[in-house]
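To start, the structure itself, in structure tokens.
2 protein chains.
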Amino acid sequence: MTTTNNVNGTASSEVLNAPFIKTLVLQTRGLDTYGTYRNWSDELILKPFVVSKQKKREISVENEVDPITQARIMAFYRAVAARIEKETGLLSQVVVDLSHEGFGWVLVFSGRLLLVCKTLRDAHRFGFDSLEKLADEGEKLVQNGIDLAKRFPEVGKM
Amino acid sequence: MTTTNNVNGTASSEVLNAPFIKTLVLQTRGLDTYGTYRNWSDELILKPFVVSKQKKREISVENEVDPITQARIMAFYRAVAARIEKETGLLSQVVVDLSHEGFGWVLVFSGRLLLVCKTLRDAHRFGFDSLEKLADEGEKLVQNGIDLAKRFPEVGKM
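The listed protein sequences derive, respectively, from chains A and B. Residues in the first sequence are numbered consecutively from 1, following this note's numbering. Residues in the second sequence are numbered consecutively from 159, following this note's numbering.
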């Protein structure tokens, strides 16, 4: 795995080995029906998840959220679900409900327990300041989900 | 309130007074931004929720679920949520996530607790054999939700 610095954030091999990041890469490759990413490095696959504040301001929230951004949001939350699954053994579902205006809900649930429950705003601009931020945010959701699953195993297993 | 018999099911004043049916009428009137239903009787408003087996077969599942059917699905589950809310005091959200093919999820949740968690199939054909069936199915979901909310109050109030 090569490591380079880029303007959007420093990609060290450390962050590329973070469990959340590795899972996210796997999820993205898993959703890659047409094999577009087959020869792409992990870094290249992760690059679109990093969106600087400046870049975000440039993305219009006027139109529908484009399908590639939607797929990216899905991959992010599927990675969260997959990590929770790995740590708790609970199978979970991801539901993303976006209105045309980029507002909506993301829900990750297992049995009758909502492991992740987030509202989305301006989903067109979905992205993180850096790969480190991406890893941190993802892992934070994972840990919250694991805590919940451990607190309420009965609800998670319904 | 008038009571009549119709081919799709017998509308007795009893069923029109069922708590679920009354809530459903209120929800439908509440979603009626343009006042279309202002002069409609409750029965007329409820009529499209009754779809006979024969009629269902005639509805194509080829195209997108039409917006009026989507609104009807939303009204049904909002009524479920409103009834649970009334009985338990828990505020709840309804998320409907439908693919273009009419498959998807309906989730009603409060805090981190999923009060209703259903997969939808052939959503184009959403409807019930009779008003009684509509009232029964709705109330069953309500009672399940209330039971859950009472069993896991801590999760519902998160």
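Built from N, CA and C at the ideal position, the CB exists for glycine as well.
Buried or exposed for B:HIS282, going by 16 or more other Cβ atoms inside 10 Å? Within the second sequence, the letter at position 124 stands for residue 282 of chain B. Result: buried.
Segment limits, alpha helix (DSSP H) that includes B:LEU292: As a working mapping, residue 292 of chain B is identified with position 134 in the second sequence. Per DSSP, B:LEU292 belongs to the alpha helix (DSSP H) from 289–309.
With B:GLY296 and B:LEU182 assumed to form a contact (beta carbons below 8 Å), what rounded beta-carbon distance in angstroms separates them? As a working mapping, residue 296 of chain B is identified with position 138 in the second sequence. As a working mapping, residue 182 of chain B is identified with position 24 in the second sequence. About 7 Å; that satisfies the 8 Å criterion.
Compare the C-alpha of B:VAL300 against each of B:GLU312, B:GLY269, B:ARG236 and name the closest. Along the second sequence, one-based indexing puts residue 300 of chain B at 142. Selected option, being the one with the closest Cα: B:ARG236.
If we count the other Cβ atoms within 10 Å of its Cβ and call it buried at 16 or more, is B:ILE226 buried or exposed? Counting from 1 along the second sequence, the entry for residue 226 of chain B is found at position 68. Result: exposed.
Go through its chain and collect everything with a Cβ distance to A:SER148's Cβ below 7 Å, but skip five positions before and after it. By one-based count along the first sequence, residue 148 of chain A stands at place 148. It should be pointed out that residue 148 of chain A corresponds to Leu in this sequence rather than to Ser. LEU113, LEU115.
Using 8 Å as the cut-off, can you tell me whether the stretch 194–211 of chain B makes contact with the stretch 275–290 of chain B, which would need three or more C-beta pairs spanning the two stretches below that distance? yes
If you draw a straight line from the alpha carbon of B:LEU174 to that of A:ASP97, how long is it in whole angstroms? Position 16 of the second sequence, counted from the start, is the residue given in the question as residue 174 of chain B. Position 97 of the first sequence, counted from the start, is the residue given in the question as residue 97 of chain A. Taking the straight line joining both Cα atoms gives about 33 Å.
Amino acids of chain B, ordered along the chain, whose beta-carbon sits closer than 7 Å to that of A:ARG112: For the purposes of this step, residue 112 of chain A is taken as the residue at position 112 of the first sequence. Under the 7 Å cutoff, chain B gives LEU271, LEU272, CYS275, LEU306.
Mind checking who B:PHE267 pairs with in its DSSP beta bridge? Taking the first residue of the second sequence as 1, we reach residue 267 of chain B at position 109. Paired residue(s): B:GLN251, B:LEU272.
At a CB-CB cut-off below 8 Å, which residues of chain B make contact with A:LEU90? Position 90 of the first sequence, counted from the start, is the residue given in the question as residue 90 of chain A. Those within 8 Å of A:LEU90 in chain B number zero; the least Cβ separation is about 13 Å.
Residues from the stretch 279–311 of chain B in contact with chain A, defined by Cβ distance under 8 Å: LEU306, PHE310
In whole angstroms, what separates the C-alpha of B:SER218 from that of B:LEU189? Along the second sequence, read from residue 1 onward, the residue named residue 218 of chain B stands at position 60. Along the second sequence, read from residue 1 onward, the residue named residue 189 of chain B stands at position 31. Cα to Cα, B:SER218 sits roughly 26 Å from B:LEU189.
For a contact meaning CB atoms closer than 9 Å, what does A:VAL108 contact in chain B? As a working note, residue 108 of chain A is residue 108 in the first sequence. Neighbours of A:VAL108 on chain B: none; closest Cβ ~11 Å, over 9 Å.
Return no unless some Cβ of chain A is closer than 8 Å to the Cβ of B:ASP255. As a working mapping, residue 255 of chain B is identified with position 97 in the second sequence. Taking Cβ atoms only, chain A reaches closer than 8 Å to B:ASP255, which makes this a yes.
Under a three-way DSSP split, which group does A:VAL15 fall into? Indexing the first sequence from 1 puts residue 15 of chain A at position 15. Residue state, collapsed to three classes: helix.
Would you kindly report the start and end of the unbroken alpha helix (DSSP H) that includes A:PRO48? By 1-based counting over the first sequence, the position of residue 48 of chain A is 48. A:PRO48 -> no alpha helix (DSSP H), and no H or E assigned at all.
To the nearest angstrom, how far is it from the Cα of A:LYS150 to the Cα of A:LEU26? The count along the first sequence starts at 1 and reaches residue 150 of chain A at position 150. The count along the first sequence starts at 1 and reaches residue 26 of chain A at position 26. Using only the alpha carbons, I get a separation of about 25 Å.
Per-residue contacts from A:VAL80 into chain B (C-beta, under 9 Å): As a working note, residue 80 of chain A is residue 80 in the first sequence. Correct list: empty, because the minimum Cβ distance to chain B is about 15 Å.
Going by other Cβ atoms of all chains shown within 10 Å of its Cβ, with 16 needed for buried, is A:LEU44 buried or exposed? Indexing the first sequence from 1 puts residue 44 of chain A at position 44. By the 10 Å Cβ count, A:LEU44 comes out exposed.
Could you give the C-beta distance for A:LEU120 and A:GLY104, rounded to a whole number, given that I count them as a contact under 8 Å? For the purposes of this step, residue 120 of chain A is identified with residue 120 of the first sequence, where counting begins at 1. For the purposes of this step, residue 104 of chain A is identified with residue 104 of the first sequence, where counting begins at 1. Yes, they are in contact, since the Cβ atoms of A:LEU120 and A:GLY104 sit about 5 Å apart, within 8 Å.
For A:THR119, the residue or residues it bridges with in DSSP: Against the first sequence, residue 119 of chain A aligns to sequence position 119. Note: A:THR119 sits in a beta bridge opposite A:TRP105.
Between B:LYS291, B:ALA293, B:PRO311, B:ASP280, which has its C-alpha nearest B:GLU216's C-alpha? Counting from one through the second sequence, the residue named residue 216 of chain B turns up at place 58. The option with the nearest alpha carbon to B:GLU216 is B:ASP280.
Any C-beta of chain B sitting closer than 8 Å to the C-beta of A:VAL65? Counting from one through the first sequence, the residue named residue 65 of chain A turns up at place 65. Answer no: the Cβ-Cβ gap between A:VAL65 and chain B never drops below 8 Å.
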